[in-house]
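Undergrad:
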């Protein structure tokens with residue numbers, strides 16, 4: 001099923017085609033390819049290593065804009081959770097550092113964050129002081 005209309009693009013048709021190819025990869029090729037890999041392993045190594053696997057490359061990839069929009073929604077969600085005390089700042093940092101798709105994947109969690117105060121304690125005023133001088 002593909003969308004029709006004035007603003008319809010071929011994106012829907014392409015996604016349907018990609019989904020069809022992915023279904024074929026899983027239903028027709030996966031088991032046969034696994035069997036061939038097992039035979040090659042037996043021939044080359046003498047046994048089958050279950051650690052050797054394969055995944056089909058995705059035919060569809062999100063654009064940079066789509067990925068950025070998803071990261072923005074995730075960041076907004078994390079901010080709401082931190083503000084509501086559902087998650088701590090460190091838990092969010094761990095989540096970001098553990099995400100291989102995150103631009104901050106190599107974040108060093110051992111570094112302490114230095115939080116600078118926006119004001120100096122000397123600049124604090126007395127709340128009873130109405131701004132006049134005595």
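Residue numbers (UniProt numbering): 1 to 134. The beta carbon of each residue, even a glycine, is placed where N, CA and C say it ideally should be.
1. Enumerate in chain order the residues of its own chain whose CB-to-CB distance from residue 96 is below 6 Å, with the five nearest sequence positions on each side excluded.
2. Taking C-beta to C-beta, are residue 56 and residue 22 nearer than 8 Å?
3. In the DSSP assignment, find the unbroken alpha helix (DSSP H) run with residue 104 in it and report its ends.
4. Just reading off the alpha helix (DSSP H) that residue 60 is part of, what are its end residues?
5. From what residue to what residue does the alpha helix (DSSP H) around residue 42 run?
6. If distances are taken between C-alpha atoms only, which option among 75, 80, 60 comes closest to residue 18?
7. Could you give the distance in angstroms between the alpha-carbon of residue 100 and the alpha-carbon of residue 107?
8. Could you give the distance in angstroms between the alpha-carbon of residue 38 and the alpha-carbon of residue 109?
9. Determine the burial state of residue 20: buried for a count of at least 16 other Cβ atoms within 10 Å of its Cβ, exposed for fewer.
10. Apart from the five residues on each side of it in sequence, which residues of its chain come closer than 6 Å, Cβ to Cβ, to residue 78?
TA: In short, the structure shows the following:
1. Residues 102, 104 of the same chain have their beta carbon placed closer than 6 Å to that of residue 96, with the five preceding and five following residues left out of the count.
2. Residue 56 places its beta carbon less than 8 Å from that of residue 22.
3. First-last for residue 104: undefined, no H or E at that position.
4. Here residue 60 belongs to no alpha helix (DSSP H), and DSSP marks it neither H nor E.
5. DSSP places residue 42 inside the alpha helix (DSSP H), whose first and last residues are 30-45.
6. It is 60.
7. Taking C-alpha positions only, residue 100 is separated from residue 107 by approximately 11 Å.
8. Taken atom to atom, the span from the alpha-carbon of residue 38 to that of residue 109 is near 40 Å.
9. So residue 20 counts as exposed.
10. In the same chain as residue 78, and ignoring 5 residues on each side of it, the C-beta atoms closer than 6 Å to its own belong to 92, in chain order.
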